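Enquirer: In this note's numbering, the protein residues as written are 5 to 146. Glycine is no exception: its CB is placed at the ideal position from the N, C-alpha and C atoms. All of these numbers come straight from a predicted model, not from anything done at the bench.
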Amino acid sequence: MPRIVGIDIPVQKKTYVALTYVYGVGRHNVQDILKEAHVDGNKRAKDLTVDEIARLQRILDKVNTEGNLRRMIRENIERLKRIGSYRGGRHMHGLPVRGQRTRVNARTRKGKKKTVGALTKEAAEKLATAAPADAEKTKEKK
Numbered sequence: 005m006p007r008i009v010g011i012d013i014p015v016q017k018k019t020y021v022a023l024t025y026v027y028g029v030g031r032h033n034v035q036d037i038l039k040e041a042h043v044d045g046n047k048r049a050k051d052l053t054v055d056e057i058a059r060l061q062r063i064l065d066k067v068n069t070e071g072n073l074r075r076m077i078r079e080n081i082e083r084l085k086r087i088g089s090y091r092g093g094r095h096m097h098g099l100p101v102r103g104q105r106t107r108v109n110a111r112t113r114k115g116k117k118k119t120v121g122a123l124t125k126e127a128a129e130k131l132a133t134a135a136p137a138d139a140e141k142t143k144e145k146k
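(1) Count the other C-beta atoms from every protein chain shown that fall within 10 angstroms of the C-beta of THR19, then say buried if there are 16 or more, exposed otherwise.
(2) Taking 8 Å as the threshold, find out whether the segment 84–94 comes into contact with the segment 53–73 through three or more Cβ pairs.
(3) Which word fits ILE77, buried or exposed, when buried means at least 16 other C-beta atoms lie within 10 angstroms of its C-beta?
(4) Kindly indicate the opening and closing residues of the alpha helix (DSSP H) around GLN16.
(5) Tell me, to the nearest whole angstrom, how far the beta carbon of PRO100 is from that of LEU52; I am working on the premise that it is less than 8 Å.
(6) In the DSSP assignment, find the unbroken alpha helix (DSSP H) run with ALA41 in it and report its ends.
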């Protein structure tokens, strides 16, 4: 299994697909990387020579990938929060950052629904079963 930039790329896949398993390398970048390394993208990853793997490794070392890219993204978000920008505030509150609507939808960012005002069925049942028990306790105290 060839190891490129600390990632074991799948051997059965073609090189242009296998390289997309590296975080930060997409389908568009792969074409440029393969062209620069003079490697055939339709060749299976298991058929790559040591020299071809070394050329790919050298090129990918120049590109921000994996840990470096993740760190850069995290630092950029922290900077937005620190300077108090609008986008930073959206990140802090777990809301969509790029202008999407939040009146409906946005469930992925906002999490599970929190009902305000009205009771959900489960909460109403809990309240109904808890109310008689509470009434008995108050009678015993008197």
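Expert: In brief:
(1) Taking the sequence shown and counting its residues from 1, one reaches residue 19 at position 15. Looking at its Cβ environment, which holds 16 or more other Cβ atoms inside 10 Å, THR19 is buried.
(2) no
(3) Counting from one through the sequence shown, the residue named residue 77 turns up at place 73. Exposed, because fewer than 16 other Cβ atoms sit within 10 Å of the Cβ of ILE77.
(4) Translated into positions along the sequence shown, residue 16 becomes position 12. Premise fails: GLN16 is in no alpha helix (DSSP H) and is neither H nor E.
(5) On the sequence shown, residue 100 is found 96 positions in, with the first residue counted as 1. On the sequence shown, residue 52 is found 48 positions in, with the first residue counted as 1. The pair is not a contact, with the Cβ atoms about 41 Å apart (cut-off 8 Å).
(6) If you number the sequence shown from 1, residue 41 lands on position 37. That run of the alpha helix (DSSP H) goes 31–41.
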